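Read the structure below first, then the notes.
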Amino acid sequence: MGMRIGFGFDSHAFKAGVPLYIGGLLIEHPEGLAGHSDGDVLLHAITDALLGAVSAGDIGTFFPPSDPRWKGAASSLFLKTAMEEIKTAGYKIVNIDTCLVMMRPKIVPIAGELRERVAELLGIKPGEVGIKAKTPEGLNQDGVAVAYATVLLESLEADAGLKKYAATADVDDMDAVVESLVGVQRDLSALGRKVPAFDADDLT
Ligand SMILES: [Zn+2]
Numbered sequence: 015m016g017m018r019i020g021f022g023f024d025s026h027a028f029k030a031g032v033p034l035y036i037g038g039l040l041i042e043h044p045e046g047l048a049g050h051s052d053g054d055v056l057l058h059a060i061t062d063a064l065l066g067a068v069s070a071g072d073i074g075t076f077f078p079p080s081d082p083r084w085k086g087a088a089s090s091l092f093l094k095t096a097m098e099e100i101k102t103a104g105y106k107i108v109n110i111d112t113c114l115v116m117m118r119p120k121i122v123p124i125a126g127e128l129r130e131r132v133a134e135l136l137g138i139k140p141g142e143v144g145i146k147a148k149t150p151e152g153l154n155q156d157g158v159a160v161a162y163a164t165v166l167l168e169s170l171e172a173d174a175g176l177k178k179y180a181a182t183a184d185v186d187d188m189d190a191v192v193e194s195l196v197g198v199q200r201d202l203s204a205l206g207r208k209v210p211a212f213d214a215d216d217l218t
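Residues in the sequence shown are numbered from 15 upward in steps of one, following the numbering used here.
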């Protein structure tokens with residue numbers, strides 16, 4: 015199965031008198047993020063992670079700050095372009111994980127809402143989006159918002175092939191289908207432990 019990973023980073027300084035956008039959400043705060051666009055640090059990091067995963071350059075390649083068309087632009091537009099790029103390359107998102115680093119505002123109280131908004135923008139489920147937040151302890155960067163993002167993509171072809179195979183297989187044959195796709199079937203119960211379900215609501 016063809017898979018790709020991507021990584022993105024971004025930072026913006028806080029500035030008084032501009033609206034604060036993070037992850038496509040307008041957040042009530044006395045300061046926003048300075049930038050040529052709306053300064054959405056999280057969407058910029060995710061956009062770079064998506065573009066990087068298919069070796070399509072970065073956000074500056076597509077939307078140079080020197081171009082007046084992108085002045086004040088909504089960063090969801092950048093994200094949309096990156097999604098078109100990965101689709102053209104023949105991939106779709108499996109999941110993303112992100113980490114925001116800023117002193118304020120506190121992200122934890124809005125993390126659930128952020129996750130839903132980012133999932134909506136990416137056309138994936140909230141359980142496929144990780145939002146983590148840290149304060150910049152010892153970094154002396156209180157006036158800055160930083161975002162890191164990683165994405166995992168899988169080939170659309172592999173996904174279509176798997177669905178086609180599953181649709182034509184008898185339900186009783188599913189074990190055989192899985193075995194043929196992953197090689198040796200791993201029975202985790204034989205190891206004497208149950209695999210706990212991932213708790214998507216745990217945001218600590
Ligand atoms: Zn940016």
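Where is the CB? At the ideal position from N, CA and C, for every residue including glycine. Given the structure is predicted, the values throughout are model-derived calculations rather than measurements.
Is the distance from the Cβ of residue i to the Cβ of residue j below 8 Å?
i: Ile36; j: Leu65; result: no
i: Thr164; j: Ile110; result: yes
i: Arg93; j: Leu135; result: Note that residue 93 is Leu in the sequence shown here, rather than Arg. Taking 8 Å as the Cβ cut-off, Leu93 and Leu135 qualify as a contacting pair.
i: Val221; j: Arg129; result: What is shown of the chain runs 15 to 218, which leaves residue 221 out entirely.
i: Ala59; j: Gly22; result: yes
i: Val143; j: Ala133; result: yes
i: Leu114; j: Ala161; result: yes
i: Pro82; j: Met116; result: no
i: Glu42; j: Lys106; result: no
i: Ala63; j: Gly20; result: yes
What is the residue span of the alpha helix (DSSP H) that residue i lies within?
i: Pro96; result: It should be noted that the sequence gives Ala, not Pro, for residue 96. Residues 90-102.
i: Phe76; result: 73-76
Mapping the DSSP letters down to three states, classify residue i as helix, strand or coil.
i: Gly161; result: The sequence as given places Ala at residue 161; Gly does not occur at that position. If DSSP states are grouped into helix, strand and coil, Ala161 belongs with the strands.
i: Glu45; result: strand
i: Gly66; result: helix
Is the Cβ of residue i closer than 8 Å to any Cβ of chain D?
i: Ala161; result: Given the protein chain composition of this structure (a single chain), no chain D is represented.
Nearest-angstrom Cα distance between residue i and residue j?
i: Ser203; j: Gly16; result: Model confidence at Ser203 stands at a pLDDT of 49, short of 50, so the residue's coordinates are unreliable and nothing is read from them.
i: Gly224; j: Pro79; result: Only positions 15 to 218 of the chain appear in the structure, and residue 224 is not among them; the question remains open.
i: Ser51; j: Leu91; result: 10 Å
i: His26; j: Leu47; result: 6 Å
i: Gly157; j: Thr61; result: 23 Å
Output the boundary residues of the beta strand (DSSP E) element that contains residue i.
i: Ser25; result: 17-30
Restricting to runs no shorter than 3 residues, where is the beta strand (DSSP E) found entirely within the stretch 99-159? 105-115, 143-148
Run the Cβ filter for me: residues under 6 Å from any heavy atom of ligand 2, listed in the order they occur in the chain. Inclusion of ligand 2 in the displayed structure is not the case, the ligand content consisting of ligand 1 alone.
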